[in-house]
Structures are given as structure tokens and as C-alpha cells.
Amino acid sequence: MRGEEGNLPEDGGWRMEDGMSKQREAGRLGKSLTIFGLRLLVTPKLVFLLKYKSSYGFSSRTRPRSQRTDLQREEYTHKYKQIRSRFSDKVVLAASVLSKSGKVLVSRQFVDMTRIRIEGLLAAFPKLVGTGKQHTYVETENVRYVYQPIEALYLLLVTNKQSNILEDLETLRLLSKLVPEYCYSLDEEGICKTAFELIFAFDEVICLGHKENVTVAQVKQYCEMESHEEKLHKLVLQSKINETKDVMKRKASEIDKSKIDKNKGDKGGFMSMGSGRIESSFSDISISSSGSGFGSSSGLGLTTDVDSFSTKSKGRQLSSATAPPKGLGMQLGKSQKTNQFLESLKAEGELIVEDVQPRAGQARVAAAAPTDPITLTAEEKLNVTLKRDGGISNFDVQGTLSLQILNQEDALIQVQIETGGNPGILFKTHPNMNKELFSNENILGLKDPNRPFPTGSAGDAAGVGLLKWRMQSADESMVPLTINCWPSVSGNETYVSIEYEASAMFDLRNVVIYVPLPALREAPNVRQIDGEWRYDSRNSVLEWSILLIDNSNRSGSMEFVVPPADSSVFFPISVRFSATSTYSDLKVVNIIPLRGGGAAPPKFSQRTNLITENYQVV
């Protein structure tokens, strides 16, 4: 072997180390090598050829060029041509995945061929496959088909007829192990979703038409190789984003601080009207926008929104700014100082505008504001913890009865109720209620019958709490909905079957069952379901939704498939639902007016709701 037309080593020998070192040196300088009298450029293909020198009869020591005869030179040239022809003949022409019907899902070609030719070769394969035959190869005049069935698919290698059938079967066996590694479902949809991953894996197994000496683990490692530059770029980008957010927060706080200082200077410290807020320096004064109630309490600092000065035409004047009417009922949340302060503002000519902002806990109730003069709401919250193997760990029901009155003239009343007679329920009245009246006649009334109930709908949207009750039980028959989850691992898949059984006590509405899943790249394969499903990829949760569970569907099931996972991954399962009936079966029988003159009882409406607060299967 020569470099720059130089002589071989003095001993006339040739070693792989010498050849590779000279090849690297020539590659760096952009030079060429002379092998057996043939001048060749250093290319990766040449390196590939040199590795196989011992397979074609070359001795480890060759004569110097000056001692070679013409016959020896022709022999060496002939052997080199054999090497080139050996590696120029591609063995594997294409690797493909087809359906049993002959539809081509993925195909990777390793030789230059037109689309018409590869489509013709693959279209002819289903016609050549016979039924009931044991062999898995078919030969035609030009090519050989080596295939392996994988469930409803065919993994196919198209090779030339000069290939080694044993090597082809070994290549096919390795590819058959790779396909399930990248496709979580061996069907048309699963193959098409991971088509590019399969092509990259095929390229790692087959190079220049020949099988590489790799394993499944090595192929996965090569395909999932991470880039250090990409990680560094993402870190730099994230740091810039965080820095920008910090600057934005700092600027926003500076702007708010400057506005506050400006507003303090405008009002001299007594009252500031800026940023849409009024802040009072009186620390012991509060304004209750709901007209006070059982659930309200004195706050610290007068705070109300005045954005509506510019957006509302006239605003809504606070009625409590005037002198309180005669016979005003309990004002638990409003102090006398509040009234004096409002009266002083009234005397100075100030207009107090009330713009109530709903709180987070009131968002759900605000969607259905009461329209009747009197509204009573009976609500029960359910806290249940079930065991995955059966049984109950915790069962707790907490209920409340609240009252909401719109008009002041309807506030002097008593409420007569009727309970379901459940001995496991313990009732407890509000401290301002007449307990003896409730115990004897099931009537909810104030201790002072001359005091009316608080009124108004703009404050506490839940109304005034009149009655509370609680029930605890260890009886599994009291559970409205039971969930059974059965995960089982089979091969490279985990089959999960979930079923629900609902009690006949309630008709459940808007039922959602949240099943946690292992981290997945794709949505799970849901094979059967009674209802609808949605996959939350961010939280890795499968949501099973049933709009209504009544006598027509007291039980239902769902089955899905995910990659292999431990059974504990699918717990705890959370459940959410609501119902229009309760465990207490509490009903409002009548509204008793206490004003004289034989006035007719006011109209009222009752709402009953059962919701889940914490319902899990652990």
C-alpha cells in the first residue's frame, strides 16, 4: 500500500493499522491512496472495503511494488474488482410493512428505483402469498420476498436472488423485534403514526443493502441520541424568557407603586381614588354589599370598586347610605360605625357606587341567580374513599340548607321543613335559630320573631345558612357509584378494563371518571367504551364521561390498551358527578309569614343538589 506514491515499509508488510493511519492522514490532506497499483480517493466506502480484506484471500504481508510481476498485479486487480462488485450489489432492496389486504403502510428502499417499480413489486406480493404454507419466502424471476406475519400485518423484505437466505431471515427477525418497540398498536393507525420512527430504525439496521451488526437496544439508543447543542439552546432560551418575565413584573410593580403615590397626593391620605379602588384609612370599618347575613363578618378596611364611574351611566346608589328603615332585622356583619361613616359621606355629597366582584367560590352559583322572592337551597357534599379491592374506607355526607330573600317585605317569615326520617343523619341549626321550635314542629325561625331574615342577592350568593347536617356510614350499599379497575399485562401491552355500577337511589348527571395513566407519547387505544372519552396529555389522565346514568344504564364498562405498566399507576381513580336528590331527602313544606293582616304566604322555590367534593378509588 502506498501514500503519495511512496514505498511500503521496508519489511514489505502491510498492516491494518498502517493502512488506516495513512488513510486518515490522506483524508485530512485531501490526498489519495494507491492500492494494488490503483489510485483511489479516500472515502468512507473505501474504509468499509478495507475492513473485509481478510475475507477475500489477501495475506497480511504483500510484496513491494518493484518485486510484483504483471501476473500478480492482474490477480490483485481482479480480487479488488471482486470486492467492489461484492459491495456494489445491494442484497436488501426494500423493507416494507403491509396489511393483510396488501395495502402498503411503510416502505424503505435501499437502492435507486422508481416509484412505479417498488409499487409494482409490493402489489405483486399479496398475489404470491399462499395459504396454509409453512415457509415465509416467495421467489420470482428477479427478486425474492422474505416475510413474517405480525398480527394483521406483513413485515416484508424484498431482496435479490443472490442474497443469503439465512442472513435475510436474521435481518427480518431483528426488524420484527423493532416494529413493536416503536408501534404501540400493531394496526394501520399505529404504523402510520410512527412511520418516520420505523424508517429511521430500518436505516440503522440495514446500510447499503446489508445488515449491520446491531441489537435492538443499540438501534433505540442511536435513534434517541440527544443533542447537547439543542439542550444548551433550550436552556438559553428559557433563561431569556424567565428574565423577561422578571423585568415585566418589576415594571408592573413600579407602575402600580407610582399610581398609588400619585393618588395619595391627590386625596391627602384620607381617601385615594386611583387604579379603580377606594381605600379608607379607617381600619375598623367595613361595607357589606349583601346587606349583611349569618355568613358575613366585619372586615378590616373599606374597599369597593369604582371602575363603574366611567362605565355605568348613573351607577347604583347604596340604599344603606340613608337612615335605616324601621324594623330592620339582624345586621350581624354591619356595625354602627359603618352607618355613621356612610351618612357622613352622604352629607359631603359623595356618591357611593357598589360594584360587587364575584369571588372564585361564587362562580358556580352566580350562573343561576335566583328569580323567585324566596329561594331555599339544600346541598349535600359527598366525600367517599373506596378500596380498589372492594370495601369502603371513608363515607361522609355534609349538607346545608340556605335561605335567600330578595325583598325586605318578605323577610319576616318562618320555614317549615320535612326530613326523610333517616336516623343516621344528625341535624344542627344556626345559633340564632329557635332550636325548640325546630325540634318540636320542624319549623326554622329566629329566636326573636320580630326580626326579619337578612335580604339581598348581591352578597353571599349561597344565601343565609339555616341548617346543617352530617351522615357517616360504613355500609357499602350507601355508595352511589362503585368503580372496578382490572389492569393485566400481556406481552408488550397492558389491557385495562374498567366498569362502573350505580345505585338505584340516584340518577347521576355529568359523570366524569378520571383514570391516571403512565407517561405516553400517544393517546391510549380505547377499544370499547360506554360513553365518551378524552385524553389529557398534559396530566396524563384518561377522562371517561357519561352524561346521565339512570335506569337504562346502571352499569357500563370501558377497555383500553397502553404499553406495559404497573397496576398501581392507574390509581387513584377520581370521580365527579351531581344529582338532583339527596340522602336527607329534605323538603320545604311551607313558608309561614309572620306579618299580620292575613297576608298570603310569599312564593318560594327549592333547589336540591348532591355534588362530589372528594370521591376516589385508591
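Under the working numbering, the first residue of the sequence shown carries the number 40, and numbering increases by one thereafter. Idealized CB from N, CA, C, for every residue including glycine. No experiment lies behind these values; they were computed from the predicted model shown.
Classify E190 as helix, strand or coil using the three-state DSSP reduction.
Within the sequence shown, numbered from 1, the residue matching residue 190 stands at position 151. If DSSP states are grouped into helix, strand and coil, E190 belongs with coil.
Let me know the beta strand (DSSP E) ranges lying completely inside the stretch 521-559, each 3 residues or longer, listed in chain order.
532-541 and 547-555
Report the residue from I157, F149 and Y539 whose alpha carbon sits nearest the alpha carbon of R427.
In the sequence shown, counting from the first residue as 1, residue 427 sits at position 388. The option with the nearest alpha carbon to R427 is Y539.
CB contact flag (N446, V436, <9 Å):
Locating residue 446 in the sequence shown gives position 407, counting from the first residue. Locating residue 436 in the sequence shown gives position 397, counting from the first residue. For N446 and V436, no; Cβs fall outside 9 Å.
So which of V197, L205, P165 and A162 has the shortest CA-CA distance to V150?
By 1-based counting over the sequence shown, the position of residue 150 is 111. It is V197.
Grab me the residues of I568's own chain with a C-beta within less than 6 Å of its C-beta, minus the 5 sequence neighbours each way, in chain order.
Taking the sequence shown and counting its residues from 1, one reaches residue 568 at position 529. Cβ within range, chain order: M597.
Just verifying my parser: in three-state terms, what is the DSSP assignment at H249?
As a first step, residue 249 is located in the sequence shown; it is residue number 210 there, counting from the start. H249: strand per DSSP, three-state reduction.
What residues in its chain sit with their C-beta under 7 Å from that of P563, if we drop five residues either side in the sequence?
Walking along the sequence shown from the start, residue 563 turns up at place 524. Excluding positions up to five away in sequence, the list reads L556, Y574, L581, F599, V600 and V601.
Check whether the stretch 623-634 and the stretch 451-468 are in contact - that is, three or more C-beta pairs closer than 8 Å.
yes
Separation of W572 from A162, as counted between CA atoms:
Numbered from 1 along the sequence shown, position 123 holds the residue referred to as residue 162. Numbered from 1 along the sequence shown, position 533 holds the residue referred to as residue 572. Taking the straight line from one Cα to the other gives about 38 Å.
With three or more C-beta pairs closer than 8 Å as the rule, is the stretch 608-617 touching the stretch 517-530?
yes
How would you label P188, buried or exposed, when you count the other beta carbons within 10 angstroms and need 16 or more for buried?
Mapped onto the sequence shown, residue 188 falls at position 149. So P188 counts as exposed.
To the nearest angstrom, how far is the alpha carbon of R212 from that of V258?
Counted from its first residue, the sequence shown places residue 212 at position 173. Counted from its first residue, the sequence shown places residue 258 at position 219. Taking the straight line from one Cα to the other gives about 14 Å.
State the beta-bridge partners of F616 as determined by DSSP.
Numbered from 1 along the sequence shown, position 577 holds the residue referred to as residue 616. DSSP output for F616 lists no bridge partner at all.
Where do the ends of the alpha helix (DSSP H) carrying A639 lie?
Start at 1 with the first residue of the sequence shown, and residue 639 comes out as number 600. Segment: none, A639 is in no alpha helix (DSSP H) and carries neither H nor E.
T179 by DSSP, collapsed to three states: which one?
Counting from one through the sequence shown, the residue named residue 179 turns up at place 140. Coil at T179, not helix or strand.
Find the nearest neighbour of L28 within the set F610, Q655, G159 and L167, judged by alpha-carbon distance.
In the structure displayed, the chain extends from 40 to 657; residue 28 sits before or after that span and is not available.
Since Y261 is in the alpha helix (DSSP H), which residue starts that stretch and which ends it?
Start at 1 with the first residue of the sequence shown, and residue 261 comes out as number 222. Counting along the chain, the alpha helix (DSSP H) containing Y261 begins and ends at V255 to C262.
Considering only the alpha carbon of each residue, which of M152, Q148, L195 and N181 lies closest to K142?
For the purposes of this step, residue 142 is identified with residue 103 of the sequence shown, where counting begins at 1. When each option's Cα is compared against that of K142, the closest is L195.
Below 8 Å CB to CB, which residues in the same chain sit around G463 once its five sequence neighbours on both sides are set aside?
Reading the sequence shown from its first residue, position 424 is the one you call residue 463. For G463, where only same-chain residues beyond five positions count, the Cβ hits under 8 Å are M510, Q511 and S512.
Would you mind giving the Cβ-Cβ distance between I588 and A541, rounded to the nearest angstrom? I have them listed as a contact below 8 Å.
As a working mapping, residue 588 is identified with position 549 in the sequence shown. As a working mapping, residue 541 is identified with position 502 in the sequence shown. Indeed they touch by this definition, with Cβ atoms about 5 Å apart.
Give every residue of the same chain whose Cβ lies closer than 6 Å to the Cβ of S579, excluding the five residues on either side of it in the sequence, and list them in chain order.
Position 540 of the sequence shown, counted from the first residue, corresponds to residue 579. Correct list, in chain order: L556 and A558.
Compute the Euclidean distance between the alpha carbons of L217 and I157, then round it to the nearest angstrom.
Here residue 217 is taken as the residue at index 178 of the sequence shown, counted from 1. Here residue 157 is taken as the residue at index 118 of the sequence shown, counted from 1. Rounded to the nearest angstrom, the two C-alpha atoms are 23 Å apart.
Of the choices N489, L144, R566 and F643, whose alpha-carbon is the least far from that of E227?
On the sequence shown, residue 227 is found 188 positions in, with the first residue counted as 1. Cα-wise, what sits closest to E227 is L144.
Identify, in the order they occur along the chain, each residue of the same chain with its Cβ nearer than 7 Å to the Cβ of A450, setting aside the five sequence neighbours on each side.
Here residue 450 corresponds to residue number 411 of the sequence shown, with the count starting at 1. G368, I444, P491, F492 and T494, listed in sequence order.
CB of Y193 within 9 Å of CB of L247, strictly:
Walking along the sequence shown from the start, residue 193 turns up at place 154. Walking along the sequence shown from the start, residue 247 turns up at place 208. Contact flag unset, no.
For the beta strand (DSSP E) containing V143, list its first residue and its last residue.
Working through the sequence shown from its first residue, we reach residue 143 at position 104. Segment V143 to Q148, the beta strand (DSSP E) holding V143.
Distance, L465 Cα to I452 Cα:
Along the sequence shown, read from residue 1 onward, the residue named residue 452 stands at position 413. Along the sequence shown, read from residue 1 onward, the residue named residue 465 stands at position 426. Whole-angstrom Cα-Cα distance: 25 Å.
How many Å lie between M312 and K296 at the Cα?
As a first step, residue 312 is located in the sequence shown; it is residue number 273 there, counting from the start. As a first step, residue 296 is located in the sequence shown; it is residue number 257 there, counting from the start. The pLDDT assigned to M312 is 41, lower than 50, so where the model puts this residue is not dependable; a value taken from the coordinates is nonetheless given after this. Cα-Cα distance, rounded: 14 Å.
Can you tell me where the beta strand (DSSP E) with D207 in it begins and where it stops?
Mapped onto the sequence shown, residue 207 falls at position 168. No beta strand (DSSP E) contains D207, which is instead part of the alpha helix (DSSP H) from I204 to Y221.
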